[in-house]
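My numbering puts the sequence shown at residues 14 to 325.
Where a beta carbon is used, it is the ideal one built from N, C-alpha and C, also for glycine.
It should be emphasised that the depicted structure is a prediction, and the values quoted were computed from it without experimental measurement.
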Amino acid sequence: MTAAADTRLKVEPQSGWTGALITGVDLSNPLSESEVQQIREALLQWKAVFFRDQTLDHAQQIAFGKQFGDVTPGHPYEGDAAPAGFPEIHTVSPKAYDQRYGVNYRKKQGANGPGWHADVTPLINPPSHSILRAEVVPPFGGDTQFSNVAAAYQGLSEPLRELIDGLRAEHRFGANFSAERSSEKIGDHVRSNPLASIHPVVRVHPESGERVLYVNPSFTKDIVDLSPRESRHLLDLLFEELARPEYTVRFKWEPGSLAFWDNRAVLHLAPRDVDHLGHDRVLHRITLVGDVPVGVDGRESESISGERFGAA
Ligand code: SIN
């Protein structure tokens, strides 16, 4: 646990590798330089930080985010699903997803979908950070999990790390559930504005210099340097490694909770244990403008399709 002399802010780790609870700070007001610095440091070490009992509205959530970077539009496929007057807000709820993508989108992804992911990695510059705020939460269930992909990379054997350090992979929105063939809104989105990029399989974190495993089962289609069969087997192995329980933390939401995570160092897994209970779950996310990933060899990612995702 750490605390700076001039604030009440405390950082309490929540697992051995991933996630820290930050207390002693009110996010609805402008933060001091020291508070911003301490939150940044906690993010670099723990990859995701959590806050409780905050009273932010949409405007205050955006103002909080702006102290850490430029805020993007809610989502490249937001359409008419953003709350009026707040294009930066991406609401996460069954109703918002049905409105944004079509009613069969969630079902098509299966019981475990959308799976581990970082936000919108098919973009050439995926969001650096996400900030998710809970408004309505179910009485039980609905937790979000996070996994530290710098630790997952370090846990691999050296020969495997050497192999994947030089590989690149295609990330494509909707590839893993054939969205381009869908007659729903999701099909219109991916046909009219396909999002796809080639990213390094191992990314160098631009702030910490750490190497991170930069593939995820929601968006990574294949490793472009390998045969399809080799790619499938290697991706399956990496997907299993990045979800190992020792690298994860599980966050239980309460109204007024916030999770703030670094998409360049952690993956997250949305819950799939609540739909059948019929409880409502409404959260609001913003994302910060990200940089173009760079691999171990210094090569940047390449865009296949889609624009750079800038500030809203
Ligand atoms: C997300 O993928 O950003 C949403 C996570 C969640 O619903 O818990």
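Closest to residue i by C-alpha separation, out of the options, would be which residue?
i    : options                   : result
D220 : L57, W266, R242 and L280  : Before going on, a small fix: residue 220 reads as Glu here, not Asp. Comparing Cα-Cα distances from E220 to each of L57, W266, R242 and L280, the minimum goes to L57.
V262 : L34, K23, L22 and R294    : L34
F63  : G291, E320, D275 and H289 : D275
H184 : V150, G168 and I137       : I137
H71  : P96, D286 and Q167        : P96
R283 : V105, L173 and E320       : The amino acid occupying residue 283 in the given sequence is Ala; Arg does not appear at that position. Among V105, L173 and E320, the Cα nearest to that of A283 is on V105.
A165 : Y118, V215 and E197       : V215
S244 : G222, I177 and D293       : I177
G187 : Y118, H88 and Q27         : Y118
V302 : D156, I75 and L180        : I75
G380 : D304, A325 and S270       : As displayed, the chain neither begins before 14 nor continues past 325, which places residue 380 out of reach and without an answer.
A324 : D304, S318, D310 and A256 : D304
D293 : R277, A147, I317 and S196 : A147
Do residue i and residue j have their CB atoms nearer than 8 Å?
i    : j    : result
S210 : E315 : yes
L69  : F81  : no
L251 : V279 : no
G308 : V237 : no
T31  : S141 : no
V133 : V225 : no
L208 : P135 : yes
Q73  : S45  : no
P151 : V287 : yes
G29  : E259 : yes
T233 : L248 : yes
F322 : P100 : no
Nearest-angstrom Cα distance between residue i and residue j?
i    : j    : result
V49  : H281 : 23 Å
H297 : A94  : 12 Å
P86  : S143 : 12 Å
E254 : G128 : 14 Å
H202 : Y110 : 13 Å
I199 : A192 : 6 Å
G115 : T20  : 46 Å
N206 : K23  : 43 Å
L239 : V84  : 36 Å
S231 : D39  : 34 Å
R113 : A272 : 23 Å
R204 : N189 : 15 Å
G98  : T300 : 17 Å
E267 : G291 : 18 Å
R65  : E54  : 19 Å
N125 : R285 : Residue placement at N125 is poorly supported in this model, since its pLDDT is 41, which falls under 50; the coordinates are not used for a value here.
R194 : Q167 : 38 Å
I52  : K79  : 14 Å
K108 : R312 : 40 Å
F264 : P172 : 34 Å
P139 : H212 : 10 Å
E223 : V149 : 36 Å
H130 : P43  : 30 Å
G179 : L169 : 15 Å
K60  : L145 : 14 Å
F153 : D310 : 46 Å
A182 : D235 : 6 Å
H103 : R277 : 19 Å
R242 : A256 : 22 Å
Distance cutoff 8 Å, beta carbons only. Does residue i sit that close to anything in chain B?
i    : result
R174 : Note that chain B does not occur in the displayed structure, where there is just one protein chain.
Practice prompt. Any chance you could list the beta strand (DSSP E) runs of at least 3 consecutive residues sitting entirely within the segment 158–205, in chain order?
Written response: At a cut-off of 3 residues, the continuous stretches assigned as beta strand (DSSP E) that sit fully inside the segment 158–205 are 181–185.
Discussion item. Going residue by residue through the segment 262–307, where are the continuous alpha helix (DSSP H) segments of at least 4 residues, counting only ones entirely within it?
Written reply: none
Practice prompt. Starting from the N-terminal end, write out each residue whose C-beta falls within a distance shorter than 5 Å of any non-hydrogen atom of the ligand SIN.
Written response: Those satisfying the condition are, in chain order, V105, T157 and A283.
Worksheet item: What residue ranges within the segment 230–267 form continuous beta strand (DSSP E) runs of no fewer than 3 residues, ordered along the chain?
Response: 233–236 and 261–264
Worksheet item: Unbroken alpha helix (DSSP H) runs of length 4 or more, entirely within the segment 16–90: which are they?
Response: 46–59 and 71–79
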